[in-house]
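Trainee: When the letters of the sequence shown are read in order and numbered with mature numbering (1 follows the signal peptide of the UniProt record, and there is no 0), they come out as residues -19 to -1, 1 to 77.
C-beta: ideal position from N, C-alpha, C; glycine also.
Bear in mind the structure is a predicted one, so any value in this text is a computation, not a measurement.
Take this structure first; my questions come after.
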Amino acid sequence: MKKQLILSLALMITFFSFAQKKELRELEKAVKNNNYAEAKAAVLELEPLLSSMDDKSKAKFYLNKGKAFFANGAGSGEEVMMAVESLENISRKFLC
């Protein structure tokens, strides 16, 4: 019984990590294709999962979030500020 529980927990963790990576790739793809509405939706899906991401994934998330909200300069003032804050998160958490 104990082995089954451990095995099921390990499988759930594995599936959860693959789901995060898939959603992060979708965010990167949307930003690359200049589909900023889709990218913003992906950001909202990924934010609750942020605490369980590794540092490399978090850095990718913050970078792509910044790009999505900046939208090549077409974002509103509030969205540009969110982009700046996202990029500041990278510098504070990962570059210092």
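How about A23 and L8: are their beta carbons less than 9 Å apart?
Mentor: Taking the sequence shown and counting its residues from 1, the one referred to as residue 23 is at position 42. Taking the sequence shown and counting its residues from 1, the one referred to as residue 8 is at position 27. Result yes, Cβ atoms of A23 and L8 sit closer than 9 Å.
Trainee: From L5, K(-17) and N15, pick the residue whose C-alpha is nearest to that of A49; which is it?
Mentor: As a working note, residue 49 is residue 68 in the sequence shown. Residue N15 holds the alpha-carbon nearest to the alpha-carbon of A49 among L5, K(-17) and N15.
Trainee: So the alpha helix (DSSP H) L30 belongs to, where does it begin and stop?
Mentor: By one-based count along the sequence shown, residue 30 stands at place 49. Element bounds for L30: n/a, residue is neither H nor E.
Trainee: Leaving out the 5 sequence neighbours to the left and right, which residues in its chain are closer than 6 Å to A52 when beta-carbon positions are compared?
Mentor: Stepping through the sequence shown from its first residue, residue 52 is reached at position 71. Excluding positions up to five away in sequence, the list reads Y17.
Trainee: Among the candidates Q1, G58 and G47, whose CA atom is the shortest distance from the CA of L27?
Mentor: Along the sequence shown, one-based indexing puts residue 27 at 46. Out of Q1, G58 and G47, Q1 has the C-alpha closest to the C-alpha of L27.
Trainee: Can you look up M62 in the DSSP assignment and give me helix, strand or coil?
Mentor: Sequence index remark: in the sequence shown, residue 62 carries index 81 (1-based). The answer is helix: DSSP assigns M62 an H, G or I state.
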